[in-house]
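Per the numbering used here, the very first residue in the sequence shown carries number 1; after that it's consecutive.
Please read the structure below before turning to the comments.
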Amino acid sequence: KIFQAVVSCIGSDGTIYIIPKSVETALNKLMAEIQNTFKGLGLLIPYCWKKGEACVVRGSDTVWYRAKIIEVSGSILQVQYVDRGYIESIPQCHLYPTTFYTGIPPFCIPCQLYKTLPIGNFWQQDAVDYLQELLKNEEVEIHVEELPDNPWDKLSISLYFGGMSLSSFMAYQKYCVAEDGQDIQKLGVFEGDLSPSYLLQPLPVPGEIFPVTVTHVVSPKEIYICFDSSGNLTKCSATERAASCDSESLNKALKWCNKIVKTLPHLTNFKKELPCLAEYVDGLWYRAKLLSVTQLVPVQILVQFVDYGTYLVAPSSRLRHIPCPLLKYPVQAVRVLLAGFRPASDDKNVERIPYSPEWSLKALWAMLDCVEGKHLSASILTLSPEITISLYGDDKNLVHLKLIEMGLAELDE
Numbered sequence: 001k002i003f004q005a006v007v008s009c010i011g012s013d014g015t016i017y018i019i020p021k022s023v024e025t026a027l028n029k030l031m032a033e034i035q036n037t038f039k040g041l042g043l044l045i046p047y048c049w050k051k052g053e054a055c056v057v058r059g060s061d062t063v064w065y066r067a068k069i070i071e072v073s074g075s076i077l078q079v080q081y082v083d084r085g086y087i088e089s090i091p092q093c094h095l096y097p098t099t100f101y102t103g104i105p106p107f108c109i110p111c112q113l114y115k116t117l118p119i120g121n122f123w124q125q126d127a128v129d130y131l132q133e134l135l136k137n138e139e140v141e142i143h144v145e146e147l148p149d150n151p152w153d154k155l156s157i158s159l160y161f162g163g164m165s166l167s168s169f170m171a172y173q174k175y176c177v178a179e180d181g182q183d184i185q186k187l188g189v190f191e192g193d194l195s196p197s198y199l200l201q202p203l204p205v206p207g208e209i210f211p212v213t214v215t216h217v218v219s220p221k222e223i224y225i226c227f228d229s230s231g232n233l234t235k236c237s238a239t240e241r242a243a244s245c246d247s248e249s250l251n252k253a254l255k256w257c258n259k260i261v262k263t264l265p266h267l268t269n270f271k272k273e274l275p276c277l278a279e280y281v282d283g284l285w286y287r288a289k290l291l292s293v294t295q296l297v298p299v300q301i302l303v304q305f306v307d308y309g310t311y312l313v314a315p316s317s318r319l320r321h322i323p324c325p326l327l328k329y330p331v332q333a334v335r336v337l338l339a340g341f342r343p344a345s346d347d348k349n350v351e352r353i354p355y356s357p358e359w360s361l362k363a364l365w366a367m368l369d370c371v372e373g374k375h376l377s378a379s380i381l382t383l384s385p386e387i388t389i390s391l392y393g394d395d396k397n398l399v400h401l402k403l404i405e406m407g408l409a410e411l412d413e
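Following this line, the structure appears as structure tokens:
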């Protein structure tokens with residue numbers, strides 16, 4: 001069985017406690033009921049607590065939770081939150097004994113990684129801390145591998161985050177040994193990898209109008225677009241729905257990669273078109289590809305962010321190996337040329353685009369104004385030798401008409 005779950009906590013022995021997404025509504029309903037039943041402080045009169053006894057506990061967030069007594073030590077009791085998994089030492093005044101809700105099974109499931117042997121036969125403290133930092137409160141994918149003989153024992157699972165196997169990742173970090181070892185190559189962060197490449201985005205049928213957003217403008221004629229399934233021009237095509245699903249999954253995978261990026265090796269191979277992760281000026285890491293080495297001392301490399309079309313010259317310290325799961329998503333940005341216009345022959349503006357001098361900078365700024373933050377739509381005219389489109393603005397008119405009105409471009413039949 002495969003299902004989505006949220007990791008509620010990591011036990012001190014490396015037990016992974018998960019709450020299936022499918023039971024979140026029922027858990028929230030129970031929590032609301034507990035808050036309505038128990039108000040104020042815990043039990044203030046003396047009480048003889050017993051190990052294993054059911055209770056409710058008032059957490060540091062002042063919310064009441066179901067719990068059970070793990071250990072009695074004077075006025076301090078060790079309790080386990082049965083729907084979260086974590087263990088805490090709490091003064092008696094924050095607890096209340098109750099038999100309410102004991103007929104409802106715990107919502108969290110204790111799990112262990114399937115066929116995964118921690119170094120030294122138990123999870124070391126630094127590994128537990130790392131698991132906690134990586135996984136707590138995060139949504140993950142669970143593959144059930146083996147049921148326990150005793151229903152209260154741990155479920156044996158494979159856990160995947162952002163498409164990556166947790167067992168393989170922890171083995172790569174030298175925290176454990178994955179007994180089957182098959183998944184470890186899937187991380188794709190090892191020397192001697194085959195030259196990987198990105199998948200291309202499937203395109204809509206020529207003539208079909210589809211919503212787009214412009215992610216990068218190279219010149220008034222050359223832009224990068226992404227399919228925008230949030231547009232309500234017509235029902236989304238299969239291509240747009242697939243692109244939307246890919247984009248959402250890719251964003252989740254990138255979020256995970258940003259969490260683990262310091263553990264990924266730096267690039268040592270600077271082959272042209274090589275996929276990698278690159279750090280943008282906002283401090284986040286995105287999918288990119290190498291274009292050229294622009295400087296040798298110190299090394300500076302020109303990269304392109306494949307999901308946006310934008311370029312950056314970066315030192316090698318801001319480039320990392322890309323995990324293989326990130327290669328299964330098609331590139332989100334598609335380079336296209338706009339049809340129907342050309343530079344105005346009488347454009348007297350002296351300031352020109354250095355890499356495209358047939359266009360003035362004023363024309364570039366005007367095109368940016370026409371497309372930035374706008375709900376646009378497009379229609380493909382030709383697929384070769386270049387993808388050529390007609391681009392329509394908010395008002396359903398061709399965007400280049402504004403440049404023609406301003407005398408920065410002219411019609412090109």
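Virtual Cβ for every residue (Gly too), placed ideally from N, Cα, C.
Checklist entry - Taking Ser8 as the reference, which of Ala378, Ser165, Pro20 has the closest Cα? => result Within the sequence shown, numbered from 1, the residue matching residue 8 stands at position 8. Looking at the Cα atoms, Pro20 is the closest of the given residues.
Item to check | Under 8 Å between C-beta atoms of Leu117 and Glu53 | outcome: Counted from its first residue, the sequence shown places residue 117 at position 117. Counted from its first residue, the sequence shown places residue 53 at position 53. Taking 8 Å as the Cβ cut-off, Leu117 and Glu53 do not qualify as a contacting pair.
Checklist entry - How is the beta strand (DSSP E) around Leu159 delimited, first residue to last? => result Here residue 159 corresponds to residue number 159 of the sequence shown, with the count starting at 1. Per DSSP, Leu159 belongs to the beta strand (DSSP E) from 155-161.
Checklist entry - Taking the alpha-carbon positions, what's the Ile34 to Cys48 distance? => result By one-based count along the sequence shown, residue 34 stands at place 34. By one-based count along the sequence shown, residue 48 stands at place 48. Looking at the two C-alpha atoms, the distance is approximately 23 Å.
Checklist entry - To the nearest angstrom, how far is it from the Cα of Leu30 to the Cα of Trp64? => result Taking the first residue of the sequence shown as position 1, residue 30 is located at position 30. Taking the first residue of the sequence shown as position 1, residue 64 is located at position 64. For Leu30 and Trp64, the distance between alpha carbons rounds to 11 Å.
Next on the checklist: Using only CA atoms, which one of Ile45, Ala67, Tyr101 lies nearest to Ser75?
Outcome noted: Against the sequence shown, residue 75 aligns to sequence position 75. Out of Ile45, Ala67, Tyr101, Ile45 has the C-alpha closest to the C-alpha of Ser75.
Checklist entry - Taking just the CA atoms, how far does Val217 sit from Met367? => result Here residue 367 refers to the residue found at position 367 of the sequence shown. Here residue 217 refers to the residue found at position 217 of the sequence shown. Looking at the two C-alpha atoms, the distance is approximately 8 Å.
Next on the checklist: Could you check whether Pro204 and Ile87 sit closer than 8 Å to each other, using their CB atoms as the reference points?
Outcome noted: Here residue 87 refers to the residue found at position 87 when the sequence shown is read from its first residue. Here residue 204 refers to the residue found at position 204 when the sequence shown is read from its first residue. No, the Cβ-Cβ distance between Ile87 and Pro204 is not below 8 Å.
Next on the checklist: Contact defined as beta carbons within less than 8 Å: I believe Val334 pairs with Tyr224. What is the distance between those atoms, to the nearest angstrom?
Outcome noted: Indexing the sequence shown from 1 puts residue 334 at position 334. Indexing the sequence shown from 1 puts residue 224 at position 224. With a Cβ gap of about 7 Å, Val334 and Tyr224 count as contacting.
Next on the checklist: Among Gly120, Leu113, Asp228, whose alpha-carbon lies nearest the alpha-carbon of Glu146?
Outcome noted: Residue mapping note: residue 146 aligns to position 146 of the sequence shown, counting from 1. That would be Leu113, whose Cα lies nearest to the Cα of Glu146.
Checklist entry - Looking at the structure shown, is Leu44 part of a helix, part of a strand, or coil, going by DSSP? => result As a position in the sequence shown, residue 44 is number 44, starting the count at 1. Three-state result, Leu44: coil.
Item to check | Distance between beta carbons of Cys111 and Ile260, contact taken as under 8 Å | outcome: What you label residue 260 is simply residue 260 of the sequence shown in a count that begins at 1. What you label residue 111 is simply residue 111 of the sequence shown in a count that begins at 1. About 20 Å separates the two Cβ atoms, so there is no contact after all.
Checklist entry - Which residues in the same chain have their Cβ closer than 7 Å to the Cβ of Glu386, if we skip the five residues on either side of it in sequence? => result Within the sequence shown, the letter at position 386 stands for residue 386. Contacts found: Leu337.
Checklist entry - For the region 138-156 against the region 80-98, are there 3 or more C-beta pairs whose distance is under 8 Å? => result no
Item to check | Helix, strand or coil at Phe190 according to DSSP, with G and I counted as helix | outcome: Translated into positions along the sequence shown, residue 190 becomes position 190. Confidence in Phe190 is poor, its pLDDT being 45 and thus under 50, which makes the residue's placement too unreliable to answer from.
Checklist entry - In or out: Asp307 buried (at least 16 other Cβ within 10 Å) or exposed? => result Position 307 of the sequence shown, counted from the start, is the residue given in the question as residue 307. The residue in question, Asp307, is buried, as its Cβ has 16 or more Cβ neighbours within 10 Å.
Item to check | Integer Cβ distance of His400 from Pro211, believed to fall under 8 Å | outcome: Here residue 400 refers to the residue found at position 400 of the sequence shown. Here residue 211 refers to the residue found at position 211 of the sequence shown. About 18 Å separates the two Cβ atoms, so there is no contact after all.
Item to check | DSSP three-state assignment for Asn232, whether helix, strand or coil | outcome: Here the question's residue 232 lines up with position 232 in the sequence shown. In this predicted model, Asn232 has a pLDDT of only 48, less than 50, meaning its place in the structure is not dependable enough to derive any value.
Checklist entry - Where does Gly85 land, buried or exposed, given buried means 16+ other C-beta within 10 angstroms? => result Working through the sequence shown from its first residue, we reach residue 85 at position 85. It is buried - the Cβ of Gly85 has at least 16 other Cβ atoms within 10 Å.
Checklist entry - If you measure from the beta carbon of Leu364 to each beta carbon in chain C, is any gap under 8 Å? => result The structure shown has no chain C; it contains just one protein chain.
Checklist entry - Which word fits Ile69, buried or exposed, when buried means at least 16 other C-beta atoms lie within 10 angstroms of its C-beta? => result To locate residue 69, count along the sequence shown from 1; it is residue 69. Around the beta carbon of Ile69, 16 or more other beta carbons lie within 10 angstroms, which makes this residue buried.
Checklist entry - So, are the CB atoms of Ile119 and Lys51 less than 8 Å apart? => result The count along the sequence shown starts at 1 and reaches residue 119 at position 119. The count along the sequence shown starts at 1 and reaches residue 51 at position 51. At the C-beta level, Ile119 and Lys51 stay beyond 8 Å of one another.
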